[in-house]
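Encoded as structure tokens, the structure appears first; notes follow it.
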Amino acid sequence: MFRDIEAVIFDLDGSLVDSMWIWRQIDIEYLGKYGIELPKDLQKNIEGMSFSETAVYFKETFPIPESIEEIKAEWNRLAWDKYTHEVPLKSGVKRVLDYCKEKGILLGIATSNSRLLAENVVRSLKVEEYFSCIMTSCEVQKGKPEPDVYLAAAKALRTRPERCLVFEDIVMGIKAGKSAGMKVCAVGDEYSLYQLEEKKSLADYYIEDFSHIVFP
Numbered sequence: 026m027f028r029d030i031e032a033v034i035f036d037l038d039g040s041l042v043d044s045m046w047i048w049r050q051i052d053i054e055y056l057g058k059y060g061i062e063l064p065k066d067l068q069k070n071i072e073g074m075s076f077s078e079t080a081v082y083f084k085e086t087f088p089i090p091e092s093i094e095e096i097k098a099e100w101n102r103l104a105w106d107k108y109t110h111e112v113p114l115k116s117g118v119k120r121v122l123d124y125c126k127e128k129g130i131l132l133g134i135a136t137s138n139s140r141l142l143a144e145n146v147v148r149s150l151k152v153e154e155y156f157s158c159i160m161t162s163c164e165v166q167k168g169k170p171e172p173d174v175y176l177a178a179a180k181a182l183r184t185r186p187e188r189c190l191v192f193e194d195i196v197m198g199i200k201a202g203k204s205a206g207m208k209v210c211a212v213g214d215e216y217s218l219y220q221l222e223e224k225k226s227l228a229d230y231y232i233e234d235f236s237h238i239v240f241p
């Protein structure tokens, strides 16, 4: 998996950290404030969207009086404490970070989440020092499954895409990494269990968790 790899890029939620469960709770709380029941297909409809694209979707889909910027600010507020105190690293991921650091492999994050929350969680988990860049989909033209955020991360790491390995937990993210010309390892996550076979078919590798990785 790590042969000829110069940079490893992690998706954040569901890949680097165990946080996908948070957003269902936040969506229920946020929509409930306006008397709106959580649609069953909401997560499927917004999968891969950037933080900003998701806010636009909410504004266009639901009768919400807040502006797009106000929606994002409210989500950041609702998630801040959870990302600071309740979100752990995915099982076994620390040994991957240590391996990459030891071998001189650069590390980056490419996330659909907000920069505020991404920076907060890596700082809270004391892994900020490992990462040379954090790139968000809000900072590129299109979110996942388009390759923009991964290509931007590779550029920031000064590494050719074909020398990058991506860890992703959802189909849209796997497609984004593959479209960028990178190797992709799909990561097991309870949230995307229904996508398991598709994830395995799209990715170059699959791991249930990071402790299953065998290093060269």
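Number 91 in our numbering belongs to position 66 of the sequence shown; there are no gaps in the numbering. Quick reminder that beta carbons are idealized off the backbone N, C-alpha and C, glycines included.
Using a 10 Å radius around the Cβ and a threshold of 16 neighbouring Cβ atoms, would you call residue 208 buried or exposed? Position 183 of the sequence shown holds residue 208. With 16 or more other Cβ atoms within 10 Å, it is buried.
Identify whether residue 190 lies in helix, strand or coil by the three-state DSSP scheme. The residue given as residue 190 occupies position 165 in the sequence shown. Three-state DSSP puts residue 190 in a strand.
Cut-off 6 Å between Cβ atoms - residues of its own chain near residue 8, not counting five sequence neighbours on either side: Because the chain here runs from 26 to 241, residue 8 falls outside it and cannot be looked at.
Tell me the DSSP secondary structure of residue 201 in three-state form. Within the sequence shown, the letter at position 176 stands for residue 201. In this structure, residue 201 counts as helix in the three-state DSSP scheme.
Could you tell me which whole beta strand (DSSP E) segments of length 3 or greater appear in the segment 130-188? 131-136 and 158-161
Which residues DSSP lists as bridging residue 209, in chain order: The residue labelled residue 209 in the question sits at position 184 within the sequence shown. For residue 209, which the question treats as bridged, DSSP gives the partners 191.
Taking the Cβ atom as the reference point for each residue, do residue 89 and residue 108 lie within a distance shorter than 9 Å? Numbered from its first residue, the sequence shown carries residue 89 at position 64. Numbered from its first residue, the sequence shown carries residue 108 at position 83. Contact flag unset, no.
Give the straight-line distance between the Cα atoms of residue 216 and residue 183, rounded to the nearest whole angstrom. Sequence index remark: in the sequence shown, residue 216 carries index 191 (1-based). Sequence index remark: in the sequence shown, residue 183 carries index 158 (1-based). Each residue's Cα considered, the two are about 32 Å apart.
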